[in-house]
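Residue numbers (this note's numbering), protein chains in the order written: chain C, 3 to 410; chain A, 3 to 410.
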């Protein structure tokens, strides 16, 4: 494989047209769409219109006239096909952390006679914090954290909830969602999936998985903008039983009746909560337009191809000066590749100075994400060459690249 | 009192200069800043720069280079003097509903041996929903909802938490915060105030109140924009003991260490949660600039003067065709005036058609809010004249004004 093959792959890419929807800065190879997705000019235009016209001139009238009140429903309609859900199974609201809290609490309430929440030590730290915070609050729940490989043997009839993140944020390793969901159901447990690192990059099909509840963010592969609202999925079979522990007014069946009694909305909409951040919701609505007509299988194939290209390029150019920690089997990895190096931080910073943007995960990982709608094979190839050159010349070993910043 | 007096009051208004910071549409008398504050051109400019430059070009680098990671701290610094708090007593994050959930749970945990959360039936419906949702989740807590006038007699040694909204969203009546806080402390209860309808309009002085915890929104009198982030206050004396039940990673002492164990940040920052909605946080940061050098007492005096002007104008021009339900004693009301009329909805809509924007609260209230930084006495006077004219002519009684919309 060489650069010419990459150009050919880009020429044959059915998703190549979507690149034109994004505004990427000159001179940048952006391999961090798994942390923050890129801006689309259409999103900028929508926001300008919202700020000047809907907020500035419409003021409070825009809740009706500009349809702000229906934003969660409209966004759910666009998001649903990307993750294999129906629109009324989704509440677009809050942060991923808050939604995870709500989903874990709701899942546990569906199995109130059980006292264990099972998860793995590879889970995203927040997911562990939130689970333990819930356990401390409710008192009669314990969080069992085990190595990923031992999850199945810890699934027993005390387990109320199995909480897993689909893609490991460090290594890119995926849990097989059907295997894990089936095993959880076999012992009567309810599953809560965190899709933050997979929605918009893999063939996430919640219906096919038999998923119960799920959460995820929208600022990574879904390009909703920094801190854009997250979502919560509730499978239709739980719609009657599942309860939202944070009963903000937008989850009420008729929020604008100002009813003193809480009557939950039908479907997943009962997991809405406080007033939505309208700016971010509108940005997300427009950001999701580009997914119209994009098949999940196409997305997954593109990501598998981009990650394979990067691994091949790193193998070819960097040799054993870095360790590929991401599974080499594309069926076992997400849309990211992580490389181990003792000076991963300085290397990440040195790459950034060359316009190759990935990120660092402590202590020793360089992490690169491959957003399917705007990353090209040739960029992936070139990024690997930059890394190889830095490793060869040692040009990463300068004080300014070692200097620590707030966000690594 | 007549229109000339209003012009004179505006001429003598020490806050008159702040009007120039706001972009209000032509032909509009905006008396709904208590629902959604007006746009400032500086906020629009900040957002444009953030979208195009920081998101579009900076991408993930902006978490460091544009200081996104420090936004909650910077916003807290600007918000603190407006409510009589210190910056490290504030977490700017989430919606008011989520913050209320966190604050109520934290307050109750400070009095774990008690089993009652006391509130009044005039509280904002969400506040009741959230309290009951928490009670249902934790199991050993009951919510006691009583008429406002009976609160003091229901304060006993079973009460863990007294949860009140400072200003009644319907009538504008205020609870006396010092009386209520002192009474709560006398029986060993912890207070949680909802300041949504008072911060930025009244002399809210949390230190002087002896407040324990508080929450509030920023899209009303603080002009942060639709759905802008809310805040949570924790008095310094509770900083060591208070725990956040939703332990999202931004409340960790070192979120970017990806520590598997949760170590809460110092001060109120432990009540931060998931990734902040950066657009809305940045909008809020800029929106709060206008408060620099504005004294709380000045704000309260302006609001008292505006509401008094409106009541006088309504008395003079509408007579007994509407009932003023807001207390006539300025010490007992917030920055709003509510009028009762059996056709309040149609009247609100008919006023809106004339560019007089207030809102309707079911079943029979017209509600007008008087935002101190941009509402003029003469506008208040003119709004009352419009209402009087509608009542005299009956021009409000048209099908289009009776037609119901999503948000009343």
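We put the CB at the ideal spot given by N, CA and C, even for glycine.
Residue nearest to residue i in terms of C-alpha spacing, selected from the options
i, options, result
"residue 98/C", "323/A, 257/A, 388/A and 277/A", "277/A"
"residue 272/C", "249/C, 263/C, 409/C and 11/C", "249/C"
"residue 196/A", "121/A, 80/A and 404/A", "121/A"
"residue 235/C", "215/C, 178/C and 243/C", "215/C"
"residue 172/A", "367/A, 357/A and 240/A", "367/A"
"residue 184/A", "213/A, 201/A, 147/A and 206/A", "213/A"
"residue 60/C", "403/A, 357/A and 373/A", "357/A"
"residue 305/A", "33/A, 6/A, 28/A and 7/A", "33/A"
"residue 281/C", "332/C, 226/C and 255/C", "226/C"
"residue 100/A", "91/C, 285/C, 338/C and 253/C", "253/C"
"residue 336/C", "36/C, 131/C and 217/C", "36/C"
"residue 6/C", "384/C, 219/C, 86/C and 403/C", "384/C"
"residue 323/C", "78/C, 245/C and 349/C", "349/C"
"residue 387/C", "315/C, 267/C, 186/C and 340/C", "315/C"
"residue 30/A", "138/A, 382/A, 410/A and 330/A", "382/A"
"residue 176/C", "104/C, 203/C, 117/C and 91/C", "203/C"
"residue 370/A", "174/A, 162/A, 408/A and 119/A", "174/A"
"residue 86/C", "141/C, 201/C, 133/C and 221/C", "201/C"
"residue 295/A", "241/A, 13/A and 17/A", "17/A"
"residue 168/C", "9/C, 205/C, 407/C and 341/C", "205/C"
Contact belief for residue i with residue j at Cβ below 8 Å, rounded distance in angstroms
i, j, result
"residue 397/C", "residue 346/C", "That pair is no contact at about 15 Å."
"residue 165/A", "residue 106/A", "6 Å"
"residue 127/A", "residue 260/C", "5 Å"
"residue 231/A", "residue 38/A", "About 15 Å separates the two Cβ atoms, so there is no contact after all."
"residue 130/C", "residue 262/A", "6 Å"
"residue 170/A", "residue 124/A", "5 Å"
Chain A residues whose Cβ lies nearer than 9 Å to that of residue i
i, result
"residue 98/C", "250, 276 and 277"
"residue 54/C", "25, 41 and 46"
"residue 58/C", "25, 26, 27, 40, 41, 43 and 46"
Burial state of residue i (16 or more Cβ within 10 Å)
i, result
"residue 265/C", "exposed"
"residue 42/A", "buried"
"residue 4/A", "exposed"
"residue 401/A", "exposed"
"residue 279/C", "buried"
"residue 328/C", "buried"
"residue 144/A", "exposed"
"residue 181/C", "exposed"
"residue 15/A", "buried"
"residue 80/A", "buried"
"residue 28/C", "exposed"
Contact list for residue i against chain C, beta-carbon separation under 7 Å
i, result
"residue 107/A", "139"
"residue 361/A", "62"
"residue 259/A", "364"
"residue 50/A", "50"
"residue 382/A", "Those within 7 Å of residue 382/A in chain C number zero; the least Cβ separation is about 17 Å."
"residue 202/A", "What residue 202/A touches in chain C: nothing, since even the nearest Cβ is about 16 Å away."
Chain-ordered chain A contacts of residue i [CB-CB under 7 Å]
i, result
"residue 103/C", "248"
"residue 398/C", "The contacting residues do not exist; residue 398/C stays about 17 Å from chain A at best."
"residue 71/C", "408 and 409"
"residue 262/C", "123, 127 and 130"
"residue 32/C", "61"
Proximity test, residue i beta-carbon vs the ligand NAD heavy atom, cut-off 7 Å
i, result
"residue 237/C", "No copy of the ligand NAD occurs in the structure displayed, which carries no ligand at all."
Neighbouring residues, chain A, relative to residue i (Cβ below 8 Å)
i, result
"residue 192/C", "Here the premise fails: no neighbours, minimum Cβ distance about 16 Å."
"residue 134/C", "249 and 264"
Neighbouring residues, chain C, relative to residue i (Cβ below 9 Å)
i, result
"residue 281/A", "49, 227, 228, 229, 230, 279, 281, 282 and 285"
"residue 254/A", "127, 128 and 131"
"residue 117/A", "By Cβ distance, chain C contributes nothing, its closest Cβ being about 13 Å from residue 117/A, past 9 Å."
Per-residue contacts from residue i into chain C (C-beta, under 8 Å)
i, result
"residue 37/A", "62"
"residue 354/A", "63"
Validate contact between the stretch 189–199 of chain A and the stretch 108–118 of chain A using beta carbons, cut 8 Å, 3 pairs:
Touching, yes.
Under 8 Å: do the stretch 278–292 of chain A and the stretch 351–369 of chain A share three or more Cβ pairs, one atom per stretch?
Judged by Cβ distances under 8 Å, the stretch 278–292 of chain A makes no contact with the stretch 351–369 of chain A, as fewer than three pairs qualify.
Please name the residues in the stretch 208–224 of chain A whose beta-carbon is closer than 9 Å to at least one beta-carbon of chain E, in chain order.
In the displayed structure, chain E is absent; the protein chains listed are C and A.
Quick check: the stretch 299–310 of chain A against the stretch 64–75 of chain A, are there 3 or more CB pairs under 8 Å?
As far as the Cβ criterion goes, the stretch 299–310 of chain A does not touch the stretch 64–75 of chain A, which means the pair count is below three.
Assess contact between the stretch 152–162 of chain A and the stretch 310–330 of chain A, defined as three or more Cβ pairs (one per stretch) separated by less than 8 Å. Is contact present?
No contact exists between the stretch 152–162 of chain A and the stretch 310–330 of chain A.
Within 8 Å, do at least three Cβ pairs link the stretch 383–400 of chain A to the stretch 315–328 of chain A?
Taking 8 Å as the limit for Cβ pairs, the verdict is that the stretch 383–400 of chain A does touch the stretch 315–328 of chain A.
So, does the stretch 14–29 of chain C touch the stretch 368–377 of chain C, judging by three or more C-beta pairs under 8 Å?
Yes, the stretch 14–29 of chain C touches the stretch 368–377 of chain C.
Using 8 Å as the threshold, is the stretch 83–96 of chain C in touch with the stretch 139–149 of chain C, meaning 3 or more CB pairs across them?
No: the two stretches stay apart, fewer than three of their Cβ pairs being nearer than 8 Å.
Count Cβ pairs between the stretch 46–53 of chain A and the stretch 45–61 of chain C that sit closer than 8 Å; are there 3 or more?
Per the Cβ contact rule, the stretch 46–53 of chain A is in contact with the stretch 45–61 of chain C (3 or more Cβ pairs under 8 Å).
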